[in-house]
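All remarks here apply to the structure that follows.
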Amino acid sequence: MMLICKDLVNYETTKKEKQFDAVKMMREIRNKISSETQNMTFDELKTYIKQKLADNKTKLVGQ
Numbered sequence: 057m058m059l060i061c062k063d064l065v066n067y068e069t070t071k072k073e074k075q076f077d078a079v080k081m082m083r084e085i086r087n088k089i090s091s092e093t094q095n096m097t098f099d100e101l102k103t104y105i106k107q108k109l110a111d112n113k114t115k116l117v118g119q
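Residue numbers are given in the numbering used here: position 52 of the sequence shown equals residue 108, and the series is strictly consecutive.
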């Protein structure tokens with residue numbers, strides 16, 4: 057026998073409009089990086105990453 061809560065039968069979900077879409081932003085960033093680095097050699101890619109980190113003054117995890 058299955059018991060169904062009366063409140064759940066009439067439950068309606070409300071869809072909130074997103075002010076910030078993290079998935080969309082991440083995809084855009086990933087696509088931009090991919091297009092900028094698609095034909096780079098490994099050494100060019102290392103240089104690119106070091107330059108981007110220096111430009112943003114970002115530290116690597118653990119440093």
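Even for Gly, the Cβ is constructed at its ideal location relative to N, Cα and C.
query: Sequence-distant residues of the same chain with beta carbon closer than 8 Å to tyrosine 104, five excluded per side; result: Glu92, Thr93, Met96
query: Three-state secondary structure (DSSP) of aspartate 99; result: helix
query: Endpoints, alpha helix (DSSP H) assigned at glutamine 88; result: The amino acid occupying residue 88 in the given sequence is lysine; glutamine does not appear at that position. Run containing lysine 88: 78-93, per the alpha helix (DSSP H) assignment.
query: Beta-carbon proximity list for leucine 101, same chain, < 8 Å, skipping 5 on both sides; result: Thr93
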